[in-house]
Amino acid sequence: MLIRLVISNFSSFDKEVEFNMLTASPQNLRHHVYHADEAKVLKAAAIYGANGAGKSNLIDAFRHLQQWVTAGVIQNSVDKLKFRLNSSNAQLPIFFEIEFFAAGMFFVYGIHLDDQHVIKEYLCESGMKQTDKLIFKRSIDEMQKISVAFPDKNDTLKEKLESGLLKNNELLLCHSIVAIPKVQAARDWLVNDLILMRPTTGQKELLLKLCTSDKFLQFSNQLTKTLDTGLSYIAVDKFDYNQLLSQNETLLFPVHQIEEHRIVPTDQGKYFTTKENGKIIFNRILAFHHRMENNPIAFDLAEESDGTQRLLEFFPIFATMLERDVTIIIDEIDQSIHPVLLKSLIKKIMAHKETLGQLIFTTHESNLLDLKIFREDEIWFAEKDKKTGATEYYPLSDFNYSDELDLKTGYLNGRFGAIPFLANLKYLNW
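With my numbering applied, the sequence shown covers 97 to 526.
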């Protein structure tokens, strides 16, 4: 469960900027507050801002951090990722610090990166009412010599790492020799329980779950019935290769190249491949529509509108949020989805009182600015400083405003910032 992320000298972030999931003063929607030990952590965050304000750059920060931890190494120079509107930042490292709750513990993980070098790295066990307890710390000096510290005085491990076993571009968090349960728990959360989704991703996860989980297929059909998409239900037909050929279908893909988890076209539709008992199975996902009182008509899922397909791609995310205390991050959640349908879906998942996970997303959809759906501390704004070009983040709960103010109108009128500045358009000679 995410607590906070602090960033500096990355993309459009100059000085330290903090985004957090901690509660502020609002008392409404109490089921949106998770109690992680002594901390009160929020269920959701909706991030607003003009194009180019830095919303997606926050998502990129999470993405890069996860990629580095997953790989265990800084594979390429990070210098091009630095904040470039201030020339002095070229000499400064990129800094990330993330705090999260995993395996019943609070962790703080921080890294300072320059070129391909890990300048500093640390992992602490934190707490709301106690001093952070260091698990490990590493740094390099001007001679590129690594020094490592472990609080348990593990001198043998320290000597091995400092003798050259740990390279300057490797993350100590991911080093195989550091077989410490707390380190493994922190790494597992960053790799597996921080789930990121862009507008161009999600299709394969949906297809895989539909084809391999009867429970998920049932969940999807239950949810589909509550949404006005024209789609009645989804079904999956399964064929092995010989059965596929017996239907007189022609593969539009070389058979020797077919592997599992691939979308395979034929002259009559598309299949998603899985493997069962060592055999490739061709799964055709069918979307059924009812027409008045007639029997339902089946369509290939690929024939559905972009909006319907995009909507369905969120189903695995929401199913996971109901089952596990994961942190799900979605960039541009409103892409290709009608505002009314999106609001209904978000309202449904936010109203559910048995969720375990967190949902963080960026959006331009002002219809979601509704305090019946989100708390004030769950609505965030991204805005660029006009002088420095650096991104700033702040929550709605930082503002004082009249109870009579309509949030959507106030936002669109610039009451909270984070909208495009359009005044100069009148000078265009059109």
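We treat Cβ as the ideally placed atom computed from N, Cα and C, and that holds for glycine.
| message | Taking 6 Å as the limit between beta carbons, can you name the residues of its chain near P120, skipping five residues before and five after? | response | Numbered from 1 along the sequence shown, position 24 holds the residue referred to as residue 120. One point to set straight first is that residue 120 is Ala, not Pro, in the sequence displayed. Only D473, S493 meet the Cβ criterion.
| query | Between the stretch 427 to 447 and the stretch 459 to 466, do three or more beta carbon pairs fall short of 8 Å? | reply | Yes, since at least three Cβ pairs between the stretch 427 to 447 and the stretch 459 to 466 fall closer than 8 Å, the two stretches touch.
| query | Looking at C-alpha atoms only, which residue of E479, Y218, Q226, K229 is the closest neighbour of S235? | reply | Numbered from its first residue, the sequence shown carries residue 235 at position 139. Just measuring C-alpha positions, the residue of E479, Y218, Q226, K229 sitting nearest S235 is Y218.
| query | If you run the structure through DSSP and keep just helix, strand and coil, what is R159? | reply | Numbered from its first residue, the sequence shown carries residue 159 at position 63. DSSP places R159 in helix when its eight states are reduced to three.
| task | Please determine, among H434, L418, F203, the residue with the shortest C-alpha to C-alpha distance to F315. | result | The count along the sequence shown starts at 1 and reaches residue 315 at position 219. For the residues H434, L418, F203, the minimum Cα distance to F315 belongs to L418.
| request: Pull up the distance between the alpha-carbon of V287 and that of N185, whole angstroms please. | output: Locating residue 287 in the sequence shown gives position 191, counting from the first residue. Locating residue 185 in the sequence shown gives position 89, counting from the first residue. V287 and N185: Cα-Cα distance of roughly 29 Å.
| With which residues is R491 paired in a DSSP beta bridge? | Here residue 491 refers to the residue found at position 395 of the sequence shown. Looking at the sequence itself, residue 491 is Pro, so the reference to Arg does not match. According to DSSP, which records beta bridges pairwise, P491 is partnered with W476.
| query | In angstroms, rounded to a whole number, what distance separates the CA positions of E345 and F384? | reply | Locating residue 345 in the sequence shown gives position 249, where the first residue counts as 1. Locating residue 384 in the sequence shown gives position 288, where the first residue counts as 1. Looking at the two C-alpha atoms, the distance is approximately 21 Å.
| said: Please classify I273 as buried or exposed, where buried requires at least 16 neighbouring CB atoms within 10 angstroms. | reply: One-based indexing of the sequence shown puts residue 273 at position 177. Exposed, since its Cβ has fewer than 16 Cβ neighbours within 10 Å.
| task | May I ask you to list the residues that DSSP assigns as paired with G145? | result | In the sequence shown, the residue the question calls residue 145 occupies position 49. DSSP, once it has assigned bridges, lists A478 as partnering G145.
| field | Cβ neighbours of I528 in the same chain (closer than 6 Å, five flanking residues each side left out) | value | The structure shown has nothing for residue 528, since the chain only spans 97 to 526.
| field | Reduced DSSP secondary structure (H/G/I, E/B, other) of L292 | value | Along the sequence shown, one-based indexing puts residue 292 at 196. L292 falls in the strand class under three-state DSSP.
| field | Inter-stretch contact at 8 Å, needing at least 3 Cβ pairs: the stretch 495 to 515 / the stretch 122 to 137 | value | Contact between the stretch 495 to 515 and the stretch 122 to 137 is absent, because fewer than three Cβ pairs lie under 8 Å.
| task | Using the Cα positions of A415 and V102, report the straight-line distance between them to the nearest angstrom. | result | In the sequence shown, the residue the question calls residue 415 occupies position 319. In the sequence shown, the residue the question calls residue 102 occupies position 6. Distance between the alpha carbons of A415 and V102 is about 29 Å.
| Is V351 buried or exposed, if buried means 16 or more other CB atoms sit within 10 Å of its CB? | Walking along the sequence shown from the start, residue 351 turns up at place 255. For V351, the number of other beta carbons within 10 angstroms of its own is below 16, and it is reported as exposed.
| task | Determine the burial state of R126: buried for a count of at least 16 other Cβ atoms within 10 Å of its Cβ, exposed for fewer. | result | Walking along the sequence shown from the start, residue 126 turns up at place 30. By the neighbour-count rule (16 or more Cβ atoms within 10 Å), R126 is not buried but exposed.
| task | Let me know the secondary structure DSSP gives D284 once reduced to three states. | result | Working through the sequence shown from its first residue, we reach residue 284 at position 188. DSSP places D284 within a helical segment (H, G or I) once states are collapsed to three.
| Contact check, E255 vs S243, beta carbons under 8 Å | Your numbering for residue 255 matches position 159 in the sequence shown. Your numbering for residue 243 matches position 147 in the sequence shown. Between E255 and S243, the C-beta spacing is not below 8 Å.
| request: Please say whether W164 and L267 have beta carbons closer to each other than 8 Å? | output: Numbered from its first residue, the sequence shown carries residue 267 at position 171. Numbered from its first residue, the sequence shown carries residue 164 at position 68. Yes, Cβ-Cβ distance for L267 and W164 is below 8 Å.
| Alpha carbon to alpha carbon, what distance is there between K139 and P122? | Stepping through the sequence shown from its first residue, residue 122 is reached at position 26. Stepping through the sequence shown from its first residue, residue 139 is reached at position 43. Cα-Cα distance, rounded: 14 Å.
| Fully enclosed by the stretch 191 to 278, which alpha helix (DSSP H) runs are 4 residues long or longer? | Here the runs fully enclosed are 251 to 256.
| query | Excluding the five sequence neighbours on either side, which residues of its own chain have a C-beta within less than 6 Å of the C-beta of A486, listed in chain order? | reply | Here residue 486 corresponds to residue number 390 of the sequence shown, with the count starting at 1. So the qualifying residues of the chain are D110.
| message | I want to check one thing, is the minimum distance from the CB of K480 to the heavy atoms of the ligand ATP below 7 Å? | response | The model on display carries no ligand, and the ligand ATP is accordingly not part of it.
| query | Does the beta-carbon of N373 have 16 or more other beta-carbons within 10 angstroms, so that it is buried, or is it exposed? | reply | On the sequence shown, residue 373 is found 277 positions in, with the first residue counted as 1. N373 should be labelled exposed.
| query | Roughly how many angstroms separate the alpha carbons of P277 and K443, rounded to a whole number? | reply | On the sequence shown, position 181 is the one that residue 277 refers to. On the sequence shown, position 347 is the one that residue 443 refers to. Between P277 and K443, the C-alpha separation is close to 38 Å.
| query | Smallest Cα separation from H131: which of L118, D481, E356? | reply | Looking up residue 131 in the sequence shown gives position 35. Of L118, D481, E356, the residue nearest in Cα terms is L118.
| Thinking C-alpha only, which one of L269, F196, S152, A146 is nearest I207? | To locate residue 207, count along the sequence shown from 1; it is residue 111. It is L269 whose Cα lies nearest to the Cα of I207.
| query | Thinking C-alpha only, which one of N265, P491, T505, R471 is nearest V129? | reply | For the purposes of this step, residue 129 is taken as the residue at position 33 of the sequence shown. Looking at the Cα atoms, R471 is the closest of the given residues.
| query | Excluding five sequence neighbours on each side, which residues of the same chain lie with their C-beta closer than 6 Å to the C-beta of I291? | reply | The residue given as residue 291 occupies position 195 in the sequence shown. Cβ neighbours of I291 beyond the five flanking positions: V422, I424.
| Excluding the five sequence neighbours on either side, which residues of its own chain have a C-beta within less than 7 Å of the C-beta of S432, listed in chain order? | Start at 1 with the first residue of the sequence shown, and residue 432 comes out as number 336. Once the five neighbours on either side are set aside, the close Cβ partners of S432 are D402, G403, R406.
| message | Between E355 and T369, how many whole angstroms is the CB-CB distance? I'm expecting something under 8 Å. | response | As a working note, residue 355 is residue 259 in the sequence shown. As a working note, residue 369 is residue 273 in the sequence shown. Rounded to whole angstroms, the Cβ separation of E355 and T369 is 7 Å, and the two are in contact under 8 Å.
| In angstroms, rounded to a whole number, what distance separates the CA positions of A245 and E238? | Within the sequence shown, the letter at position 149 stands for residue 245. Within the sequence shown, the letter at position 142 stands for residue 238. Distance between the alpha carbons of A245 and E238: 18 Å.
| query | According to DSSP, which residues form a beta bridge with T423? | reply | Numbered from its first residue, the sequence shown carries residue 423 at position 327. T423 pairs with L290, Q454.
| query | Helix, strand or coil: how does DSSP classify S104 here? | reply | The residue labelled residue 104 in the question sits at position 8 within the sequence shown. Under the three-state reduction of DSSP output, S104 falls in the strand class.
| query | At which residues does the alpha helix (DSSP H) containing F312 begin and terminate? | reply | Taking the sequence shown and counting its residues from 1, one reaches residue 312 at position 216. Where F312 is concerned, the enclosing alpha helix (DSSP H) stretches over 310 to 321.
| Cβ shell of D159 (< 6 Å), same chain only, five flanking positions each side left out | Here residue 159 corresponds to residue number 63 of the sequence shown, with the count starting at 1. First, the amino acid is wrong: residue 159 is Arg here, not Asp. Excluding sequence neighbours, R159 sits near L292.
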